[in-house]
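In UniProt numbering, the protein residues as written are 1 to 280.
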């Protein structure tokens with residue numbers, strides 16, 4: 001009987017506890033603490049994975065940077081190349097192949113910049129030759145008008161013009177360059193669009209080993225060296241054209257110098273004669 005009474009007494013207590021959970025009881029905070037604890041535990045468990053991932057990536061990047069530092073130093077701090085494993089040496093060869101490819105591409109870029117500068121220099125020389133030609137033609141026109149002025153001064157002075165001692169400028173001398181736009185000038189000089197670069201060789205799949213990576217880099221280096229050879233051939237032709245153009249312009253300026261001196265002397269003489277006539 002006592003057992004049944006105690007069991008009956010426990011049942012209403014449990015029910016009262018269950019019903020009281022729906023009521024607002026200030027002392028019933030254990031369930032809320034449990035819920036907040038579980039939420040905080042879940043929230044704290046999420047970034048722990050990211051921290052582990054960050055640590056793994058940082059360790060991998062640090063390992064890669066340390067490997068590259070060893071490659072740059074040629075294993076001087078690790079016993080030298082002779083004391084390295086075969087796998088380490090293969091990775092070292094792949095690193096050196098990539099480094100060589102970058103240097104060859106750098107040389108190619110420098111050569112292409114030199115070609116652009118050489119093409120601009122050729123166009124500038126061409127325009128300078130046109131200016132020399134125009135200067136020569138203007139000197140010829142000045143000679144023609146000065147001859148007529150000297151004849152008129154001779155008539156006014158009562159003397160017959162003396163043409164024997166006068167040096168006449170030949171119209172056929174000088175440099176002759178056809179006028180045109182900048183694009184036409186480049187085409188006449190052979191400065192058309194440069195040869196395109198070789199198509200970079202790309203493997204369909206990633207290299208499975210370091211030796212395959214070395215072979216791929218060697219193919220890239222061959223393409224870059226072929227392009228570099230083509231650019232150097234163009235630069236050689238441009239240098240020859242520059243030399244011949246400078247020689248032509250130097251010769252033209254040398255022939256024009258005494259003609260300009262003669263015109264200067266004749267203009268001064270004509271001015272003196274004109275002032276003398278005006279003084280009468």
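We put the CB at the ideal spot given by N, CA and C, even for glycine.
task = Tell whether a beta-carbon distance below 8 Å holds between residue 156 and residue 270.
result = Translated into positions along the chain shown, residue 156 becomes position 156. Translated into positions along the chain shown, residue 270 becomes position 270. Result no, Cβ atoms of residue 156 and residue 270 do not sit closer than 8 Å.
Margin query: With distance defined between alpha-carbon atoms, name the residue in 100, 225 and 256 nearest to residue 108.
Written below: To locate residue 108, count along the chain shown from 1; it is residue 108. If we check each option's Cα against that of residue 108, 225 comes out closest.
Quiz item: What first and last residue would you give for the alpha helix (DSSP H) that runs through residue 158?
Solution: Counted from its first residue, the chain shown places residue 158 at position 158. No alpha helix (DSSP H) holds residue 158; DSSP gives it neither H nor E.
**Request:** Please go through the same chain and pick out, in chain order, the residues whose beta-carbon is closer than 8 Å to the beta-carbon of residue 232, but skip the five residues on each side of it.
**Result:** Counting from 1 along the chain shown, the entry for residue 232 is found at position 232. Correct list, in chain order: 111.
**OP:** Label residue 172 either buried or exposed according to how many other C-beta atoms from any shown protein chain fall within 10 Å of its C-beta, with 16 as the threshold for buried.
**Re:** Along the chain shown, one-based indexing puts residue 172 at 172. Low local confidence applies: a pLDDT of 49 at residue 172 is under 50, so the model's placement there is unreliable, with the coordinate-based value given in what follows. Exposed: under 16 other Cβ atoms inside 10 Å.
Assuming residue 206 is part of the alpha helix (DSSP H), what are its boundary residues? Counting from 1 along the chain shown, the entry for residue 206 is found at position 206. Note, residue 206: premise wrong, no alpha helix (DSSP H); not H, not E.
message: Please report the distance separating the alpha-carbon of residue 142 from that of residue 119.
response: Position 142 of the chain shown, counting from 1, holds the residue named residue 142. Position 119 of the chain shown, counting from 1, holds the residue named residue 119. Straight-line Cα distance between these residues: approximately 35 Å.
### Task
Report buried or exposed for residue 136, applying the criterion of at least 16 other Cβ atoms within 10 angstroms of its Cβ.
Counting from one through the chain shown, the residue named residue 136 turns up at place 136. Buried.
* Asked: Is it buried or exposed for residue 261, if we count other Cβ within 10 angstroms and need 16 for buried?
  -> Here residue 261 refers to the residue found at position 261 when the chain shown is read from its first residue. Exposed: under 16 other Cβ atoms inside 10 Å.
**Q.** Option in 94, 132, 103 and 95 with minimal Cα separation from residue 254
**A.** Against the chain shown, residue 254 aligns to sequence position 254. For residue 254, the nearest C-alpha among the options comes from 132.
Less than 8 Å between C-beta atoms, sequence neighbours within five positions excluded: which residues of the same chain meet that for residue 235? In the chain shown, residue 235 corresponds to position 235, counting from 1. If we look at residue 235 and ignore the five residues flanking it on each side, its Cβ neighbours are 111, 114, 115 and 118.
Let's test the definition: count the other Cβ atoms within 10 Å of the Cβ of residue 237 and tell me whether it reaches 16, buried, or not, exposed. For this step, residue 237 is matched to residue 237 along the chain shown. Residue 237 comes out exposed.
Determine the direct distance from the alpha carbon of residue 257 to that of residue 128, and round the result to whole angstroms. Stepping through the chain shown from its first residue, residue 128 is reached at position 128. Stepping through the chain shown from its first residue, residue 257 is reached at position 257. Straight-line Cα distance between these residues: approximately 16 Å.
For residue 41, collect the residues of the same chain with a Cβ closer than 7 Å to its Cβ; drop the 5 residues on either side in sequence, then sort them by chain order.
The residue labelled residue 41 in the question sits at position 41 within the chain shown. Its pLDDT being 44, under 50, residue 41 is placed unreliably in this model, and the value from its coordinates should be taken loosely. For residue 41, where only same-chain residues beyond five positions count, there are no Cβ hits under 7 Å.
Would you call the CB atoms of residue 101 and residue 217 closer than 8 Å? The count along the chain shown starts at 1 and reaches residue 101 at position 101. The count along the chain shown starts at 1 and reaches residue 217 at position 217. For residue 101 and residue 217, yes; Cβs fall inside 8 Å.
Handout entry: Status (buried if at least 16 other CB within 10 Å, exposed otherwise) for residue 122
Key = For this step, residue 122 is matched to residue 122 along the chain shown. The residue in question, residue 122, is buried, as its Cβ has 16 or more Cβ neighbours within 10 Å.
If we call anything under 8 Å between Cβ atoms a contact, is residue 210 one with residue 93?
Position 210 of the chain shown holds residue 210. Position 93 of the chain shown holds residue 93. The answer is yes: Cβ separation under 8 Å.
So, residue 273 versus residue 125, is the Cβ gap smaller than 8 Å?
-> The residue labelled residue 273 in the question sits at position 273 within the chain shown. The residue labelled residue 125 in the question sits at position 125 within the chain shown. Not a contact, by the Cβ cut-off of 8 Å.
At the level of alpha carbons, what is the spacing between residue 243 and residue 89? Walking along the chain shown from the start, residue 243 turns up at place 243. Walking along the chain shown from the start, residue 89 turns up at place 89. Taking the straight line from one Cα to the other gives about 50 Å.
Please state whether DSSP places residue 274 in a helix, a strand or coil. As a working mapping, residue 274 is identified with position 274 in the chain shown. If DSSP states are grouped into helix, strand and coil, residue 274 belongs with the helices.
*What do you get for residue 85, buried or exposed, if any count of 16 or more other CB atoms within 10 angstroms of its CB means buried?*
Position 85 of the chain shown holds residue 85. Exposed, because fewer than 16 other Cβ atoms sit within 10 Å of the Cβ of residue 85.
Q) In three-state terms, what does DSSP make of residue 128? A) Locating residue 128 in the chain shown gives position 128, where the first residue counts as 1. Note: residue 128 maps to helix in three-state DSSP.
Q) Is it the case that the Cβ atoms of residue 221 and residue 104 are separated by a distance below 8 Å? A) The residue you call residue 221 lines up with position 221 of the chain shown. The residue you call residue 104 lines up with position 104 of the chain shown. Against a cut-off of 8 Å, the Cβ pair of residue 104 and residue 221 comes out as a contact.
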